[in-house]
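K.L.:
Protein sequence lines correspond, in order, to chains A and B.
For the first sequence, the numbering used here gives the first residue as 4, with consecutive numbering after it.
For the second sequence, the numbering used here gives the first residue as 4, with consecutive numbering after it.
Ideal Cβ positions, reconstructed from N, Cα and C, are used throughout, including at glycine.
There are 2 protein chains.
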Amino acid sequence: MRYRKIPNETVRRLPVYLRALHILGQQGKASTSSTDLADMVAVNSWQVRKDFSYFGAFGKPGSGYEIDGLKKQIARILRLDTEHKVALVGVGNLGSAVLAYAGFAPYGFDIVAAYDCDPKKAGKKIHNVTVESVAKLKDLRKTGINLAIIAVPESAAQQIADQLVQAGVKGILNFSPLHIQVPKRVKVITIDIAVDMARLPYYMS
Amino acid sequence: MRYRKIPNETVRRLPVYLRALHILGQQGKASTSSTDLADMVAVNSWQVRKDFSYFGAFGKPGSGYEIDGLKKQIARILRLDTEHKVALVGVGNLGSAVLAYAGFAPYGFDIVAAYDCDPKKAGKKIHNVTVESVAKLKDLRKTGINLAIIAVPESAAQQIADQLVQAGVKGILNFSPLHIQVPKRVKVITIDIAVDMARLPYYMS
DNA sequence: TTGTGTGAAAGTTTTCACAGCA
DNA sequence: TGCTGTGAAAACTTTCACACAA
Chain A
4 MRYRKIPNET VRRLPVYLRA LHILGQQGKA STSSTDLADM VAVNSWQVRK
54 DFSYFGAFGK PGSGYEIDGL KKQIARILRL DTEHKVALVG VGNLGSAVLA
104 YAGFAPYGFD IVAAYDCDPK KAGKKIHNVT VESVAKLKDL RKTGINLAII
154 AVPESAAQQI ADQLVQAGVK GILNFSPLHI QVPKRVKVIT IDIAVDMARL
204 PYYMS
Chain B
4 MRYRKIPNET VRRLPVYLRA LHILGQQGKA STSSTDLADM VAVNSWQVRK
54 DFSYFGAFGK PGSGYEIDGL KKQIARILRL DTEHKVALVG VGNLGSAVLA
104 YAGFAPYGFD IVAAYDCDPK KAGKKIHNVT VESVAKLKDL RKTGINLAII
154 AVPESAAQQI ADQLVQAGVK GILNFSPLHI QVPKRVKVIT IDIAVDMARL
204 PYYMS
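1) Any contact between the region 121-137 of chain A and the region 177-192 of chain B? By contact I mean 3 or more CB pairs, one from each, below 8 Å.
2) Quick check on DSSP: helix, strand or coil for A/Ser34?
3) Taking all protein chains shown into account, do 16 or more other C-beta atoms lie within 10 angstroms of the C-beta of B/Glu86, making it buried, or fewer, making it exposed?
4) With the cut-off set at 8 Å, would you say A/Ile152 and A/Val191 are in Cβ contact?
5) List, in order along the chain, the chain B residues whose C-beta lies closer than 8 Å to that of A/Lys190?
6) Check for me: the beta strand (DSSP E) holding B/Ile192 runs from which residue to which?
7) Where A/Gly111 and A/Ala78 are concerned, what is the direct C-alpha to C-alpha distance, given to the nearest angstrom?
8) Rounded to a whole number of angstroms, what is the C-alpha to C-alpha distance between A/Gly28 and A/Val19?
9) Output the residue ranges of the alpha helix (DSSP H) runs that lie fully inside the region 138-202 of chain A and measure 4 residues or longer, sorted by chain position.
10) When you compare the CB of A/Ser99 with every CB in chain B, is at least one pair closer than 8 Å?
11) Identify every residue that forms a DSSP beta bridge with B/Ala90.
12) Per the DSSP calculation, B/Ser66 is bridged to which residue(s)?
13) Under 8 Å, do A/Arg7 and A/Tyr68 count as touching if we go by C-beta distance?
14) If you check the beta carbons only, do A/Leu91 and A/Ala154 fall under 8 Å apart?
15) Can you tell me which residues form a DSSP beta bridge with B/Lys128?
16) Find the residues of chain A that neighbour B/Tyr104, judging by a C-beta separation of less than 9 Å, and give them in chain order.
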């Protein structure tokens, strides 16, 4: 079953496996099994094996998966085998939290630029990144950054997205609710905290 | 097709429809169509109609859906027709951003308590909520709060989750990566920013 | 013996096409 | 005419069962 079309749901799980493997690696382990991985990320062992099978076989019957090799394979599939420079737009409460967040590093993301429309913030250094005016967004193209995080208020999100696309950004992580319009070639992933939270009561007994 | 089992994916979309309806209501509109709603949330019109059909018919052929009525219906299904008090644990960068976030209010969520393990923060008022020591978590049961947001570092998350379950919490929005172990009766929804971001490069041309 | 890889079956979700109401 | 509601088909995803490799 080599190199079939990878199901979307599998792609969604791959970063989770990657994080689990990262942790196992830090614990000094060299290999693991589909059962152990499954327990860590709360799926079934056959789901893990099936997911991996979409890009060909990685594991050894009897002994399991070699952690370093598997990490590299998954990183390559997700195109996380090279560093990605990221721009952040909106350095409010949420933006600052994003800048402080250490969780991006294991995936090879590095936030190297930050923009805010508040002139008082321009020039300030927050978590090692100097905040610039949003007017400077047009210079983004020269920097080779093609990933951006939008953490601005809802009302400004579409306008910022337009500017980012103009500046050559190809992928956007969007924290503002509802849909942002971009050309088809640009991928947007939206995280809406309230929308996710709103599902909780439904599932509570 | 009345009162069939509601697909999980439909439940995931309901809060999104709710937000769109909220906006339409604020714009002074009284009714809308499946096509308009679909455009706002980036799905197809037949998906919208199918989703609504799982709880019975709401709309009028020819004229569409009455916004207020539809909002109430969806809120009732999601059990968002009553206010929900929420406790926040972890008032760091992310926790503060959550406290400041206005997006919860339209769904009826109200963050009324905040806890942090840093004794220096105890007693401080942040965005109208007084921060308390995590030692006070055991008093949570008396307050009638059964929803919590975990915004603590990864290493403390499981321990906090255990305490929350002990205190009678039935639903948890978890910002720390990887899986948190809770009894089956408790629902956990995890938001992992980095894991979502990690899918972007795969989809970028 | 332990643990992988994978066809086939079962289950879920999306898409389509169209009947029918206002 | 405009727009809904829905059965049926198609597409996608998960689960199972088991052959087989170390």
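P.N.:
By the coordinates alone:
1) The region 121-137 of chain A vs the region 177-192 of chain B: no contact.
2) strand
3) exposed
4) no
5) Leu203, Tyr206 and Met207
6) Lys190 to Thr193
7) 9 Å
8) 14 Å
9) 143-146, 157-169 and 196-200
10) yes
11) B/Ala116 and B/Ala151
12) Answer is none; B/Ser66 lacks a bridge partner.
13) Between A/Arg7 and A/Tyr68, the gap from beta carbon to beta carbon reaches 8 Å or more.
14) yes
15) B/Lys128 has B/Thr133 as its beta-bridge partners, per DSSP.
16) Asn96, Leu97, Ile196 and Ala197
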